[in-house]
Amino acid sequence: MKKKRGHYCKVCGEYKANEKFSGRGHAAHICKACASLPPEKKAEMMTINRLLNLPWRLSKDQLAWLRNRTKDRRPEVRAFAQHQYELRFPPREQFMDEDVWEDELDFLDGEWDEPDESDEIE
Ligand SMILES: [Zn+2]
């Protein structure tokens, strides 16, 4: 196994060489490049980073946090959060399981019969 080298920056989420961190940045886990960003941008990047690093199985707290982020006022954070949320909770009401999927394939093999809904009206 290769050892991870360098130091983790919690803002950009990258491992960088030690010299990319200032003395204070080291302890704070923020590299020099990120340290010079405006606080709002830093917070946004840290939030996105956290979204990308969420475990598959969320704790109650993490789920609550993710839910809140899907309503974040920052569009980028919102987009990432919604994506993460939908990965775990698909928006379709019925999650396709294998059997349903096979049925669907059979259906595609057969003749395409366009449902004519006009007959059903009334
Ligand atoms: Zn950084």
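Take 25 as the starting number for the sequence shown in my numbering and just add one per residue. The beta-carbon is built from N, C-alpha and C at its ideal position, and this holds for glycine as well.
Using a threshold of 7 Å, state whether the C-beta atoms of residue i and residue j are closer than that.
i: R98; j: E68; result: yes
i: N73; j: G37; result: yes
i: C55; j: K40; result: yes
i: K84; j: V35; result: no
i: Q108; j: L78; result: yes
i: T94; j: Q86; result: no
Buried or exposed for residue i, please, with buried defined as at least 16 other CB atoms from any protein chain shown within 10 angstroms of its CB.
i: G49; result: buried
i: G134; result: Residue confidence for G134 is low, a pLDDT of 49 falling below 50, so the modelled location carries little weight; the figure read from the coordinates is stated next. G134 comes out exposed.
i: A51; result: exposed
In terms of residue numbering, what span does the alpha helix (DSSP H) encompassing residue i cover?
i: P114; result: That residue, P114, is in no alpha helix (DSSP H); it is neither H nor E in DSSP.
i: W89; result: K84 to R93
i: N42; result: No alpha helix (DSSP H) holds N42; DSSP gives it neither H nor E.
i: K34; result: Segment: none, K34 is in no alpha helix (DSSP H) and carries neither H nor E.
i: I54; result: Per DSSP, I54 belongs to no alpha helix (DSSP H) and is neither H nor E.
i: R74; result: P63 to L76
Using a threshold of 6 Å, is the CB atom of residue i nearer than that to any non-hydrogen atom of ligand 1?
i: V35; result: yes
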